[in-house]
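Some notes on the structure that comes next.
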Amino acid sequence: MKKPLHPDTAGLRGDYSAMTTDWTVKQPANGYGAEEHDTWRTLLRRQTLLAQRHACPEFLDGLAALRIDERVPDFERASDVLEQRTGWRIVGVPGLIPDDAFYGHLAARRFPVTVWIRRRDELDYLAEPDLFHDFFGHVPMLANPVFADYMQAYGQRGVEAGPANIHRLARLYWYTVEFGLIRTAEGPKIYGAGIISSAKETLYAIESDVPARLPFEAKRVMRTAYEIDKLQRTYFVLDDFRQLFEATQVDFPALYAELARLPELPNGPFSPTAHAA
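Residue numbers (the numbering used here): 182 to 458.
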């Protein structure tokens, strides 16, 4: 998720000196250099080929609507496409931002996208989300009305959540927006940004026998721990994107109280039904 645990920017990658009070920045006024465009092009070609095989139709529809080319995309142009389809816009950010800023942007139908792109020696992995992860991974799904409504509703629940419950709400984001799968007639397909922006995770999530693939159930998702710097050991599989929006329409104070009484669940193939999806 695009946020640190606190607003201290020490040690974070990115230039925070020019950000506004809502933690946003403009894309570089002089654009991007040849190396940055080359990095974008390399990643785009690789992940588009994988997405055509393994991403869900909704992701591919959004990708086509954005008309992404082989140069680093312009946020304003992409925002115009999104706004016409779902009322969303992109805002540039210097990198990781705090919880309150992140949730506030989502609640207002604004998606934060990092303005810097990884180095050539980081094509396969980097610790923080960059422009490629944020734009290629997240933005296409925002062109889908049902998913777009879920993202806004999720942001609203984030604004309302207290510190004691943020970690449970974060799990819902992690296992859906970042690492979600959806069932199709051709088998599970990807919609999560953390999968579709990574070649290794894409193939692993769809083809490996190692991870658990469980039917989506919001309470179970919010009880399940996750690991940030490893391939996932658990994926949750939707039947329909409407399940996501419905998950945000419950009595959250009552849900948090119920979850607080229940044990946490481990991440991984921990039960005989682990591969039920």
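Heads up, the beta-carbon is just placed ideally off N, CA and C, and yes, glycines get one too.
F313 in three-state terms, based on DSSP: F313 falls in the helix class under three-state DSSP.
message: If you reduce the DSSP assignment to three classes, tell me which class V206 lands in.
response: coil
message: According to DSSP, simplified to helix, strand and coil, what is P293?
response: strand
query: Would you say R258 reaches chain D, if we count a Cβ-Cβ gap shorter than 8 Å as a contact?
result: Absence of chain D from the displayed structure is noted, only one protein chain being present.
message: Quick check on the burial criterion: 16 or more other C-beta atoms within 10 angstroms. Buried or exposed for E445?
response: exposed
message: Assuming contact is defined by CB atoms lying nearer than 8 Å, are L353 and V402 in contact in what I supplied?
response: yes
- prompt: Taking three-plus beta-carbon pairs below 8 Å as touching, is the stretch 383-396 in contact with the stretch 221-235?
  reply: yes
query: Should the stretch 213-232 be called in touch with the stretch 312-331, which here means at least 3 C-beta pairs below 8 Å?
result: yes
message: Please tell me whether Y356 and Y407 are closer than 8 Å, where the distance is taken between their beta carbons.
response: yes
task: State buried or exposed for Q430, treating a residue as buried only when at least 16 other CB atoms are found within 10 Å of its CB.
output: exposed
- prompt: Beta-carbon separation of G339 and L323 under 8 Å?
  reply: no
Rounded Cβ spacing between A329 and W204 (contact assumed at less than 8 Å): With a Cβ gap of about 21 Å, A329 and W204 do not count as contacting.
query: Can P369 and V418 be called in contact, C-beta distance under 8 Å?
result: yes
message: Can you give me the C-alpha to C-alpha distance between L241 and P321, rounded to a whole angstrom?
response: Looking at the backbone, the Cα of L241 and that of P321 are separated by about 7 Å.
- request: Look at P254 and V272 and say whether their C-beta atoms are less than 8 Å apart.
  value: no
task: Determine, using beta carbons only, whether L425 and Y331 come nearer to each other than 8 Å.
output: yes
- prompt: Using DSSP with H/G/I as helix, E/B as strand and the rest coil, what is T220?
  reply: Assigned with DSSP and collapsed to three states, T220 falls in helix.
- prompt: Under three-state DSSP, which class holds I363?
  reply: strand
query: Per DSSP, G149 forms a beta bridge with which residues?
result: Past the edges of the chain, shown from 182 to 458, lies residue 149, and the structure says nothing about it.
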